[in-house]
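Report on the structure given below.
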Ligand SMILES: C[S@@+](CC[C@H](N)C(=O)[O-])C[C@H]1O[C@@H](n2cnc3c(N)ncnc32)[C@H](O)[C@@H]1O
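Numbering (the working numbering), first residue to last: 12 to 295.
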C-alpha cells in the first residue's frame, strides 16, 4: 500500500474549513470508503526521526486521532514499547484491530473528554498529527481545542511531552497551547512540506513553493526524512516566519508544517508512569 500525503482543504485556522472534521460519522464514512493506509502531512518515513528524538520510547504514549496513518507501524518497528492509538471513528479503530502490531493498542476515544478512559499522569508522551487542526475546523472548534489541550495536560505525567504536528503557525497555535496547558516549555521545529503536498496544492490554488529550495530538496520523495529547522522558541519561530513586525522573516510559513514539542513542567520526584519492558524472546 502506498501512503499518500494530502493537504487540508483550506487553512484550518478558519473554523469553517470543514465542519465535519470532528464528527465521528464524517470520518467513519471516509474510512469505510478508503480502508487503506493514508497519511496527512508526512509519512513515518519522513518524520520517524523527529518522533524518536522527541518522545520517550520506554513510557506509555498516546497517539491521538491516529486514523490509518503509517505512524503506528513505524513506531512499533522503531521500538516504542507501548503506544495507545485512539480515534473518534469506531470504523478505523476496528480496521486497525484486525491487524494489530507489536506494542500497539487501539481504542475509540474523543480527545475532548478522556476522563473515563485515562487517569491523570498516565502517559509519558502524547502525539498528534493533524488531529488538533481537524478539531479546530468545526463549529465550536476553539473551545473544543482548549478542552483537548487541557485533557492532554491532565493525562501527561510531569515532564511528559506533547508532540503536536500541525499546519498552524506559532501565533495561531500558542493561544490554544497556552490556554489549555499551565506551565509548559514549548519548542518549535519547522518541517518543510513534502513535494507531494505542493503538487496537490498547486493543482488547487495554483501556488508554487516560494523559498527554501535547499530544505525541499530533501523531501522530494514522500518517505525521505525531513530536513527540519530548529528547535526554536515560540518567539524565535514567530519572528523567522514573519509574525513579528520587528524581525526580518527568513522563511515563508506557507512552505512549512510545524512541530510543537511541549514539555510539561514537573519535578523528578513526582510520580511517573510505569516504564515499559521490552519483550524478551521466548526461551526454547
Ligand atoms: C486530519 S486526520 C489525521 C489522521 C492521522 N493522524 C494522520 O496524520 O494521517 C484527523 C483524525 O482525527 C480524528 N478525530 C477527529 N476528531 C476527533 C476527536 N474529537 N477525538 C479523537 N479523534 C478525532 C479523525 O477521525 C481523523 O482520524
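Glycine included, every Cβ here is placed at the ideal spot set by N, Cα and C.
All figures in this text were calculated on a predicted structure; none of them were measured in a lab.
Excluding sequence positions up to five before and after residue 42, its CB lies within less than 8 Å of the CB of 78, 79, 100, 102, 103, 106, all in the same chain and listed in chain order.
In this structure, ligand 1 has no non-hydrogen atom nearer than 7 Å to the beta-carbon of residue 152. Taking the CA atoms as reference points, residue 186 sits about 14 Å from residue 194. Secondary structure note for residue 156: it is in no beta strand (DSSP E), and the uninterrupted alpha helix (DSSP H) holding it is 152-166. At a cut-off of 7 Å, the beta-carbon of residue 49 counts as near ligand 1: some heavy atom of the ligand is closer than that.
Taking a 10 Å sphere around the C-beta of residue 276, we find fewer than 16 other C-beta atoms and assign the residue as exposed. Nearest to residue 265 by C-alpha distance, out of 178, 249, 90, is 178.
For residue 115, there is no enclosing alpha helix (DSSP H); the enclosing beta strand (DSSP E) has its first and last residue at 115-119.
When rounded, the separation of the alpha-carbon atoms in residue 239 and residue 246 is 18 Å. Positions of the alpha helix (DSSP H) runs, each at least 4 residues long and wholly inside the region 49-123, are given as 55-65, 82-88, 101-109 in order along the chain.
Taking the CA atoms as reference points, residue 137 sits about 14 Å from residue 61. Distances from the alpha-carbon of residue 283 to those of 92, 273, 166 put 166 closest. Note that the C-beta distance between residue 242 and residue 272 is below 8 Å. Put simply, the region 116-133 does not touch the region 53-68. Fewer than three CB pairs are less than 8 Å apart.
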